[in-house]
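Residue 156 in the working numbering is what sits at position 148 of the sequence shown, and the numbering runs on without skipping anything.
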Amino acid sequence: MTVSDLQKKIMELKAEKQITVLAHSYQSAPILEIANYTGDSFRLSQVAAEDKNKTCIVCGVHFMAETVKLLSPEKEVILAHPGAGCPMAEQFTVEDILKLKRVYPNHTVVAYVNTTAELKTLADVCVTSSSAVKICEAIPSDKILFIPDCNLGAYTAKMVPEKEIVTVKGGCPVHAAITLDEALKAKKEHPGAKLLVHPECIPSVTALADFAGSTAAIMNYARNSDSKEFIICTENSIAEHLQYELPDKDFYILSSRLICPDMKATTLMDVYNALIGKGGVRIEMSEDTIKSASVCINRMLEIGQ
Ligand code: 13P
Ligand code: SF4
């Protein structure tokens, strides 16, 4: 069977069984082509809440499938690849955050959506990389404890200087591994290119950016810019997708290390197996967890509209 034969089967099964496929933009091109919705984590959480189908298959990592379940508890939510997790989302335990809350009792806890549902139960409001600045500006509190990404937290603190934003050590091992030297080298090799950086990178790399923003914001910047060359400093699939979409422009990857193994774990065959009930993992959570973890996500959606 070829890739396109499998894609055709998947499209037929989706229609027949009325199942929605959600795919984060870091997924491979063959998966994005068969998805009902694609985008950054904010868009996926929004469309999941509005979609009519009773079952969805998430091509992404575990916290993304959990977020869909939190917003639509009545739905059956299946993560296409059972082992796809996010090391950043899983790096703190409930006990770690309770300890921090005791140290900062008057701070509003802002949690990046890349956290487990368990940790979301301890947060006041959730943010994604595209909504962090807007939401931190909008919430009434002047003191914020930002978890778990200290790099997105530092970027937000720079953009919202009027507030005290406390961060804790922790972040995305893929983005945070990119060094200032690598970014400087890429700029030297492509002097005419705009450097587009995801704020999960370390502050010295993000500070070099011509534009810093979420996955979707980076893609929109490249679409709307008059520039013809771009260095993409986020997961390498974004440079690949942009190159297909905009063949008259040139997209350079900043480093061959910018590949998230968890995001790349899902295959087209995983989607097929999930559709026929032979694969994937169903997301299950207690009613209490759903109730308390969805509070911070609903606040994000309300403020982020
Ligand atoms: P966004 O989709 O919010 O840009 O986040 C990137 C990411 O690392 C997802 O895990
Ligand atoms: Fe997690 Fe980073 Fe991979 Fe996103 S890119 S899923 S934040 S490890």
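C-beta: ideal position from N, C-alpha, C; glycine also.
Three-state class that DSSP yields for residue i in the structure shown
i: H249; result: helix
i: T46; result: strand
i: A56; result: helix
i: I291; result: coil
i: K16; result: helix
i: K286; result: coil
Assigned exposure category for residue i - 16 Cβ within 10 Å defines buried
i: K128; result: buried
i: K60; result: exposed
i: D150; result: exposed
i: V111; result: exposed
i: Y163; result: buried
i: G221; result: buried
i: Y120; result: buried
i: V85; result: buried
i: E292; result: exposed
i: I305; result: buried
i: R51; result: buried
i: M96; result: buried
i: L40; result: buried
i: G161; result: buried
i: V102; result: exposed
i: Q99; result: buried
i: D296; result: exposed
i: D48; result: buried
i: L106; result: exposed
i: N122; result: buried
i: M308; result: buried
i: K236; result: exposed
i: E8; result: Because the chain in this structure spans residues 9 to 313, residue 8 falls outside the shown range and cannot be described.
i: D270; result: buried
i: P156; result: buried
Unbroken beta strand (DSSP E) run spanning residue i, endpoints
i: G178; result: G178 -> no beta strand (DSSP E), and no H or E assigned at all.
i: C304; result: From DSSP, C304 is part of no beta strand (DSSP E) but of the alpha helix (DSSP H) over 295-312.
i: T75; result: It is not in any beta strand (DSSP E) - T75 instead sits in the alpha helix (DSSP H) that spans 70-79.
i: A31; result: 27-32
i: E82; result: It is not in any beta strand (DSSP E) - E82 carries neither H nor E in the DSSP assignment.
i: T63; result: 63-67
Terminal residues of the alpha helix (DSSP H) in which residue i lies
i: F100; result: First-last for F100: undefined, no H or E at that position.
i: L188; result: 188-197
Problem set entry | Lining residues of ligand 1 - beta-carbon closer than 5 Å to any non-hydrogen atom, in sequence order | D48, S49, T136, S137, S222, T223
Exercise. If you scan the stretch 111-186 from start to end, which runs of the beta strand (DSSP E) of 3 or more residues do you find wholly inside it?
Worked result: 116-120, 133-135, 151-155, 172-175
Exercise. Residue ranges of each alpha helix (DSSP H) run of no fewer than 4 residues wholly in the stretch 208-283, ordered along the chain?
Worked result: 211-214, 223-232, 244-253, 276-283
Problem set entry | ligand 2 site residues, beta-carbon cut 7 Å against heavy atoms | For ligand 2, the selected residues are Y34, V69, C94, P95, M96, A97, N122, C180, P181, V182, H183, E208, E243, C268, D270, M271.
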